[in-house]
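Report on one structure; see the data block that follows.
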Amino acid sequence: MITFLARVVLLVQPLILLSWLTSPAFAYTALSDHFLKLVPSGGDDFDIDNGKLLAPILIPRVPGTPGQAAAQEHFVNFFREELPSWSIEWFNSTGKTPVTGNREIPFQNLLFKREPPWVEEGQSNLLTLVAHYDSKISPEGFIGATDSAVPCAILMHVARSIDRFVTQMHDEMNALGEGGTVPMDMGVQILLLDGEEAFKDWTETDSLYGARALAERWETSYHPANSFYKNPLDQISMFVLLDLLGAPNPSVRSPFLPTHWAYRAMANIEQRMRQLNLLESTPDGPFLPDAEKVISRFGRGMVEDDHIPFMRRGVPILHVIATPFPTVWHTMDDDGAHLDMPTVRDWARIVTAFALEWLDMMEVEPKDEVPASR
Ligand SMILES: *[C@@H]1O[C@H](CO)[C@@H](O)[C@H](O)[C@H]1NC(C)=O
Ligand SMILES: [Zn+2]
């Protein structure tokens, strides 16, 4: 009898432990209506001519050209000047492409990260927000406003908007002696990836240059023995990839059943913000229409994008990409003038709120703050 009981306990305990540790939604509390009202839109910073975030990257950003360097400088300066608590890391690689012969083209990912100050290597789980910053080599002069200048600018806005709450959270956890219990050791990183676009035709080797190099490296970059997460891929709590955003009437589908719960969280934020009259756009339908998608309708179809090398290695993915693609996709019309600014600012609000909610920021809700009128 005793051995039997002991066995049951042994069997049951790991299960409980496992569900505790793998629960992706540790202490997941929805933002209050009040907090949602405080979420900023970015306003004029998304202006296409003078806006601080977006205007400087509405230029061709082809790898190996001065536009690539200008975009990099914009991102690095922004984090250095406005968000000094974030670490800045480069991940550089080179590669040949089908149209550039023997020349090695530089593909240079930029990684911006903010972790709790007490964590050791391999200890924090990281909400990972991703967009590509390169632009397509043809047609000549192609800008790629939705593809993906706007997503990059949105991620800068998110970083800036969540920063003070992250600081407060870390300070309060420190004061209370919390932290060090892995599910609470949450951080956030922003990956601005290079070389997403094909130079000629989209193939396995002519596309996703930056993402492939990074995922491959991370897979074998082991943290010290006994680290909670074995490598940087393992630390990604969710890989949220934004792409092709900024055109009117976007429809972002939910292709992945394992992360559908996270999609629903974002869809729920959109719906609540719309009900609270916090969004400006007036689309034909919701941006995220699949909240009620039933299990039997999930298949294997997906859009190939920077998540692929990560997904193949087991990383959970939330792919925020408009399908059908914007009508301007891969044409000269994918420029600032064809953006729908209310849609851009609404995405900025939705993604910011999603990040705040993911990082459990109701813990530091600024109760006394009064929402600015829009
Ligand atoms: C990566 O490339 C950038 C841009 O050329 C350069 O500034 C940076 O120092 C490089 N970083 C590393 C680690 O090689
Ligand atoms: Zn593209």
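Residue numbers (mature numbering (1 follows the signal peptide of the UniProt record, and there is no 0)): -27 to -1, 1 to 347. For glycine and all other residues, C-beta sits at the position ideal for the given N, C-alpha and C.
Could you check where the beta strand (DSSP E) with residue i kicks off and where it finishes?
| i | result |
| --- | --- |
| Ile163 | 159 to 166 |
| Gly68 | 60 to 68 |
| Asp216 | 209 to 216 |
| Gln96 | Unbroken run through Gln96: none, as it is neither H nor E. |
If you check the beta carbons only, do residue i and residue j fall under 8 Å apart?
| i | j | result |
| --- | --- | --- |
| Trp302 | Leu217 | yes |
| Ile127 | Ala310 | no |
| Ser180 | Glu189 | no |
| Leu47 | Asp279 | Per the sequence shown, residue 47 should be read as His rather than Leu. The answer is no: Cβ separation not under 8 Å. |
| Pro274 | Pro339 | A small correction: the amino acid at residue 274 is Gly; Pro does not occupy that position in the sequence shown. The answer is no: Cβ separation not under 8 Å. |
| Pro124 | Ala220 | no |
| Phe64 | Leu187 | yes |
| Leu4 | Met129 | no |
| Phe271 | Leu230 | yes |
| Val72 | Lys173 | yes |
| Ala240 | Leu261 | yes |
Suppose the cutoff is 8 Å on Cβ atoms and the five residues either side in sequence are ignored; what does the same chain contact list for residue i look like?
| i | result |
| --- | --- |
| Ser(-5) | The predicted position of Ser(-5) is uncertain, since its pLDDT is 44 and thus under 50; a value taken from the coordinates is nonetheless stated next. Within the same chain, Ser(-5) has close Cβ partners Pro156. |
| Ile61 | Val49, Phe52, Arg53, Leu83, Leu84, Phe85 |
| Leu9 | Ile242, Arg245, Met246, Leu249, Leu251, Ala326 |
| Gly287 | Leu206 |
Heavy atom of ligand 2 less than 7 Å from the Cβ of residue i, yes or no?
| i | result |
| --- | --- |
| Glu113 | no |
| Lys109 | yes |
| His233 | no |
| Glu342 | no |
| Gly150 | no |
| Asp120 | yes |
| Glu170 | yes |
| Gly183 | no |
| Lys37 | It should be pointed out that residue 37 corresponds to Gly in this sequence rather than to Lys. No, the beta carbon of Gly37 sits no closer than 7 Å to any heavy atom of ligand 2. |
| Gly117 | yes |
| His303 | yes |
Residues in its own chain within less than 6 Å of residue i by CB, not counting five upstream and five downstream?
| i | result |
| --- | --- |
| Val(-20) | The pLDDT assigned to Val(-20) is 34, lower than 50, so where the model puts this residue is not dependable; a value taken from the coordinates is nonetheless given after this. Around Val(-20): no qualifying Cβ. |
| Leu41 | At residue 41 the sequence reads Gln, which differs from the Leu that was named. Cβ neighbours of Gln41 beyond the five flanking positions: Arg34. |
| Ala328 | Val131, Ile135 |
| Met334 | Phe138 |
| Val12 | Arg322, Thr325, Ala326 |
| Tyr202 | Gly95, Gln208 |
| Ile32 | Gly40 |
| Trp331 | Leu100 |
| Asp263 | Arg226, Ser227 |
So the candidates are the options; which of them puts its Cα closest to the Cα of residue i?
| i | options | result |
| --- | --- | --- |
| Asp313 | Pro262, Thr255, Val276, Pro339 | Thr255 |
| Thr232 | Asp174, Gln81, Val293 | Val293 |
| Ser194 | Pro205, Arg185, His105, Leu181 | Pro205 |
| Trp59 | Asp6, Pro289, Gln162 | Gln162 |
| Asp158 | Leu251, Pro112, Leu100 | Leu100 |
| Glu151 | Pro112, Leu165, Phe229, Trp91 | Trp91 |
| Met211 | Leu9, Asn98, Thr176 | Asn98 |
| Glu77 | Pro57, Glu113, Gly37, Ala44 | Gly37 |
| Val225 | Thr316, Asp17, Gln81, Cys125 | Thr316 |
| Ala148 | Glu277, Met275, Pro89 | Pro89 |
| Asp18 | Arg318, Leu215, Val343 | Arg318 |
| Asp307 | Glu265, Ser108, Asn199, Arg247 | Ser108 |
| Asp167 | Ala44, Ser269, Thr296 | Ala44 |
| Gly117 | Asp174, Pro29, Val267 | Pro29 |
| Gly68 | Asp22, Thr178, Gly114 | Thr178 |
| Thr70 | Trp175, Gly153, Gly114 | Trp175 |
Report all residues from its chain with a CB closer than 7 Å to the CB of residue i; omit the five preceding and five following residues, and keep chain order.
| i | result |
| --- | --- |
| Gln141 | Val337 |
| Arg133 | Glu55, Leu56 |
| His196 | Glu94, Gly95, Tyr202, Lys203, Asn204 |
Which residues bound the alpha helix (DSSP H) around residue i?
| i | result |
| --- | --- |
| Asp6 | 6 to 11 |
| Leu291 | No alpha helix (DSSP H) contains Leu291, which is instead part of the beta strand (DSSP E) from 290 to 294. |
| Phe298 | Per DSSP, Phe298 belongs to no alpha helix (DSSP H) and is neither H nor E. |
| Phe283 | 281 to 284 |
| Phe51 | 39 to 55 |
| Leu27 | Careful: Leu27 lies outside any alpha helix (DSSP H) and carries neither H nor E. |
| Leu84 | Careful: Leu84 lies outside any alpha helix (DSSP H), inside the beta strand (DSSP E) at 78 to 87. |
| Ile323 | 314 to 331 |
| Thr140 | 123 to 149 |
| His233 | 233 to 248 |
Could you tell me whether any non-hydrogen atom of ligand 1 is closer than 7 Å to the CB of residue i?
| i | result |
| --- | --- |
| Gln45 | yes |
| Asn65 | yes |
| Gln248 | no |
| Gln81 | yes |
At the 8 Å Cβ level, is residue i part of the contact set with chain E, yes or no?
| i | result |
| --- | --- |
| Val139 | The question asks about chain E, but that chain is absent: this structure has only one protein chain. |
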